[in-house]
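> Each number in the numbering used here comes from the position in the sequence shown (counting from 1) with 33 added on.
Cβ atoms here follow ideal geometry from the backbone N, Cα and C, with glycine treated the same way.
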Amino acid sequence: MPKHIITLLASASIVCLSAQPAIAQDLIYNPVVSNGKRVYISPARHSDTGGRGECQGLSENDIAYWNARLAAYGSFTNVKNLNQRGYAVRIGTGTIQSAITNSNAWGAHAHIPLHSNARTEACTTTTVSNHGTVVIYRTGSTNGLNLANKLNYWVGGNSPGTSDSVCYNPNHPCSTIDLGELRDTAAPAAYVEAEFHTWNTGTNWLWNDPWSWRIAAAVDEHFGYPNPRP
34 MPKHIITLLA SASIVCLSAQ PAIAQDLIYN PVVSNGKRVY ISPARHSDTG GRGECQGLSE
94 NDIAYWNARL AAYGSFTNVK NLNQRGYAVR IGTGTIQSAI TNSNAWGAHA HIPLHSNART
154 EACTTTTVSN HGTVVIYRTG STNGLNLANK LNYWVGGNSP GTSDSVCYNP NHPCSTIDLG
214 ELRDTAAPAA YVEAEFHTWN TGTNWLWNDP WSWRIAAAVD EHFGYPNPRP
C-alpha cells in the first residue's frame, strides 16, 4: 500500500447490477454533498501484472487500484479528492467489459481507465525525456479530448518524465489497440498512462508520491467546477 495513504473509506459501497448477476462488483464512493456528476475510474487489470517490467517488485494493477481509491477518497494536505469536490466515484473491480457495462448503466459523466506505462529498459535508467504521462482519447470526441488535455496538464505536469502527450485512438502510434473503454463507453473517456513503471524514478512517483488528487483537479476543471460545491 502506498506510504502516503492516510485514510480511505473502509465501508465504501460494493454494488452489483442485479439484472446482470455475472457482472463484477464495483466500489462506489458517494460524496456528502453531490454536484450531480459521476466519475467511473477503471484501474488496470492485466493478467500478467507484476511481470510487465514493473520496478521494485510492484504490480501495475495494484498501483492503479490504490491510486483510483485515493483519487476518490484519499486524504491529502490542502487539496481535495473527488468526493470532497462533490463527485460520486465508481471504481471498476472486474473485467474491461464489466467496466464498460457498469459505467454505461450507472450513467457516468466521465470514464477514466487508469494505467501505468512500460518500455524495455533498466530500472536504473535516468533519462527523463523517455518517460512521462500519456493520455488517450477517442477520435472525434470533443469532450474526451478536453478531459484528456486536463488530465495531461494536471497529472503530466507533475510526473517525473518530460515527454507528456495526448493522443487519439485508434490509429495513432501511441496505442496500436482499438481501446474498448474509449470506443464503447457512453461517457466521454480519457485513458491515462500516468507514468512509466519501468524506471525507478517513475515507480517511486507512482507508488509513493501523493499525485492522485490531480485526477480530481483535472476532472473538476473539465466540468467547470460544477455547483453545488461542498
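Any idea if A155 is buried or exposed, counting beta-carbon neighbours within 10 angstroms, 16 or more meaning buried?
Classification of A155: exposed, given that the 10 Å Cβ count is below 16.
> Give the DSSP bridge partners of D95, in chain order.
None, per the DSSP bridge assignment.
> In terms of alpha-carbon separation, which member of G165, G194, V72 lies closest to W139?
The residue with the shortest Cα to Cα distance from W139 is V72.
> Taking all protein chains shown into account, do 16 or more other C-beta atoms lie within 10 angstroms of the C-beta of R123, making it buried, or fewer, making it exposed?
Buried: at least 16 other Cβ atoms inside 10 Å.
> Could you check which residue in N185, D81, H148 has the C-alpha nearest to that of V199?
Answer by Cα proximity: N185.
> By a C-beta neighbour count over all protein chains shown, 10 Å radius and 16 as the cutoff for buried, is P261 buried or exposed?
Exposed, because fewer than 16 other Cβ atoms sit within 10 Å of the Cβ of P261.
> Could you check which residue in I61, L180, L103, L147 has the C-alpha nearest to that of A220?
Here the closest residue by C-alpha is L180.
> Can you look up A55 in the DSSP assignment and give me helix, strand or coil?
With a pLDDT of only 42 at A55, under the threshold of 50, the placement of this residue in the model should not be trusted, and no figure is reported.
> Which residues does DSSP list as the beta-bridge partners of H144?
DSSP output for H144 lists Y73, A222 as bridge partner(s).
> How do the segment 82-99 and the segment 108-123 stand: do at least 3 beta-carbon pairs fall below 8 Å, yes or no?
Counting Cβ pairs under 8 Å, fewer than three are found: no touch.
> Whole angstroms are fine: how far does the CA of R78 sit from the CA of L212?
Roughly 14 Å between the two C-alpha positions.
> Got a sec? Which residues, its chain only, sit under 7 Å from R247 by beta carbon, not counting five neighbours each side?
Cβ neighbours of R247 beyond the five flanking positions: W187, V188, N191.
> Looking at the structure shown, is C200 part of a helix, part of a strand, or coil, going by DSSP?
In the structure shown, C200 sits in a strand (DSSP, three-state: E or B).
> Grouping DSSP H, G and I as helix and E and B as strand, with all else coil, what is A121?
Reduced to three states, the DSSP call for A121 is strand.
> Between H164 and P193, is the Cβ-Cβ spacing less than 9 Å?
A contact, by the Cβ cut-off of 9 Å.
> Can you tell me which residues form a DSSP beta bridge with L239?
Looking at the DSSP assignment, L239 forms no beta bridge with any residue, so it has no partner.
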